[in-house]
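Going by mature numbering (1 follows the signal peptide of the UniProt record, and there is no 0), the letters in the sequence shown line up with residues -30 to -1, 1 to 393, in that order.
Built from N, CA and C at the ideal position, the CB exists for glycine as well.
Worksheet: the structure to be examined is printed underneath.
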Amino acid sequence: MAGRQFAWSGASLLQLLLGVNLIVMPSTQARSLRFVTLLYRHGDRSPVKTYPKDPYQEDEWPQGFGQLTKEGMQQHWELGQALRQRYHGFLNTSYHRQEVYVRSTDFDRTLMSAEANLAGLFPPSGMQRFNPNISWQPIPVHTVPIAEDRLLKFPLGPCPRYEQLQNKTRQTPEYQNESIQNAQFLDMVANETGLTDVTLETVWNVYDTLFCEQTHGLVLPPWASPRTMQRLSQLKDFSFRFLFGIYEQAEKARLQGGVLLAQIRKNLTLMATSSQLPKLLVYSAHDTTLVALQMALDVYNGEQAPYASCHIFELYQEDNGNFSVEMYFRNESNKAPWPLVLPGCAHRCPLQDFLHLTEPVVPKDWQQECQLASGPADTEVIVALAVCGSILFLLIVLLLTVLFRMQAQPPGYRHVADGEDHA
């Protein structure tokens, strides 16, 4: 089922409506929370893949590769409980479908994480408890097919301009230096794993497999020492920066995380001008989704988002009727969410300032911006073809003109040999 689209057409119209709303909004009400958007990563999972020499293959994992584990379910249930406590008094204590909307990528682990989260957020009580022995109730989680997801599955593609930027990123001094400094290390990893192509961009798969195995108590091979794991972790973090930063970060944001940010901006503006959305809008996705969004906002801390980490947007209506946005990042379960500050604004950022500051990283037309601009070589070819075409056209016109004149010329006097002269 396709997810609902909460969008208005035209950023200028949205801001105009917001301005009108602020004029007519009463100024005597106390500061209040109006709307919350959450983006969280799925919980603990099994490895997505393994390597040829790995003694632990897919049958080592109860549900196979890339699946949510019991630990991951527990992580999201606890996050749901924490959200229930944080938004006590804002959300109803029992589930009301008008208050909550959840969208997930079409992966088992993200769908199941959302369901576990909702179990912690809205445990059934009273009439909602359909079985006295089950402290759970079904709550809908919406998704779209992976191939059609243009909101939560990153990096987005196909996008020729983004691929061109990635090729240019590979030519930067930072990327080149990182490649040279780690060449021998990457060769060692390739030899130990049996993989034929280990690069700065693919080595994170090795780290991910080893990390999952270590987390679940499996013994790592001797070559995967603590020092090796630390270096792999650093390269894994570099690969995230490669995807969304290092070179032309703002333009990459327009082609990647800015797409999701555009939807979030529209939803915030819509809730400031009306109440047409649920109070809580939830996105269940991946670490790449969080990094893409946080790089677009320029609040990324440079490290992979942990399991069940959560980026929070809270829209407040101030006592003077204006609106503000606060952002938080919950990346540790035993600590309060960390306040995030949008560069150029305060933590309590006025909505108009939030919209203005994030405008440069929001695409106007993603499909168009993904196209490659014509380079000098392309221009020369086009000009040459145009010149040749013009010359050919003139020759055809000239030839047709000559033929037309020959056909139109009247017959003149002709000298005819008269046989009678020689009789």
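- According to DSSP, PRO309 shares a beta bridge with TYR298.
- The residue among PHE124, GLU144, THR163 with its C-alpha nearest the C-alpha of ALA255 is PHE124.
- The beta-carbon distance between CYS280 and LEU8, rounded to whole angstroms, is 6 Å. This is short enough to meet the 8 Å contact definition.
- Per DSSP, ARG11 is one residue of the beta strand (DSSP E) stretching across 2 to 11.
- Under DSSP, PRO320 shares a beta bridge with SER294.
- CA-CA distance, SER303 to THR142, rounds to 37 Å.
- Where LEU250 is concerned, the enclosing beta strand (DSSP E) starts and stops at 250 to 255.
- In terms of Cα proximity to GLN322, the closest of LEU240, GLU30, VAL6 is LEU240.
- Here VAL229 carries a helix assignment [DSSP, helix/strand/coil].
- Distance between LEU325 and ARG131, taken at the CA atoms: about 25 Å.
- The beta carbons of ARG73 and TYR253 sit about 6 Å from each other, so the pair counts as a contact at 8 Å.
- If only uninterrupted beta strand (DSSP E) runs of at least 3 residues are considered, those enclosed by the segment 42 to 109 are 70 to 74.
- Ranked by how close their Cα comes to the Cα of LEU135, the residues LEU364, ILE361, LEU362, GLU339 have GLU339 in first place.
- Assignment of alpha helix (DSSP H) within the segment 145 to 233, counting only whole runs of 4 or more residues, yields 153 to 163, 174 to 185, 196 to 214, 219 to 225 in chain order.
- CA-to-CA, the gap between LEU251 and VAL176 works out to about 34 Å.
- By the Cβ rule, the segment 32 to 39 does not count as touching the segment 272 to 287, because fewer than three pairs are nearer than 8 Å.
- Between GLY187 and TYR21, the C-beta spacing is not below 8 Å.
- Between LEU225 and LEU126, the C-beta gap is smaller than 8 Å, which places the two residues in contact.
- Ranking ALA223, PHE155, SER105 by CA distance to the CA of VAL173 puts PHE155 first.
- Between ALA242 and LEU285, the gap from beta carbon to beta carbon is short of 8 Å.
- Assigned with DSSP and collapsed to three states, GLN287 falls in strand.
- Out of ALA262, ASP78, PHE92, the CA that lies nearest to the CA of ALA52 is found in PHE92.
- In this structure, GLN233 places its C-beta atom within 8 Å of the C-beta atom of LEU121.
- Spanning the alpha carbons of LEU238 and VAL332 requires a straight line of approximately 15 Å.
- C-alpha of TYR10 to C-alpha of GLN(-2): approximately 32 Å in a straight line.
- DSSP places ARG120 in the coil class of the three-state scheme, outside both helix and strand.
- In its chain, beyond the 5 residues on either side, CYS340 have a beta carbon closer than 8 Å to the beta carbon of PRO128.
- Contact annotation: MET265 and GLN219 have beta-carbon atoms nearer than 8 Å.
- With contacts defined as CB atoms closer than 8 Å, ALA84 and TRP106 fail to qualify as a contacting pair.
- With a contact defined as Cβ atoms closer than 8 Å, PRO313 and ASP268 qualify at about 5 Å.
- If you draw a 10 Å sphere on the C-beta of GLY96, you find fewer than 16 other C-beta atoms in it, and that means exposed.
- A residue is called buried once 16 or more other Cβ atoms fall within 10 Å of its Cβ, and ASP257 is buried on that count.
- Sorting LEU190, LEU327, SER245, GLN246 by C-alpha distance to the C-alpha of LYS23 places LEU190 at the top.
- Spatial neighbours of SER64 in its own chain (CB-CB distance under 8 Å, excluding positions within 5 residues in sequence) are listed in chain order as PHE92, PRO94, SER95, GLY96, GLN98.
- Membership of TRP336 in the alpha helix (DSSP H) is indicated by the continuous run 336 to 339.
- Between VAL70 and PRO307, the C-beta spacing is not below 8 Å.
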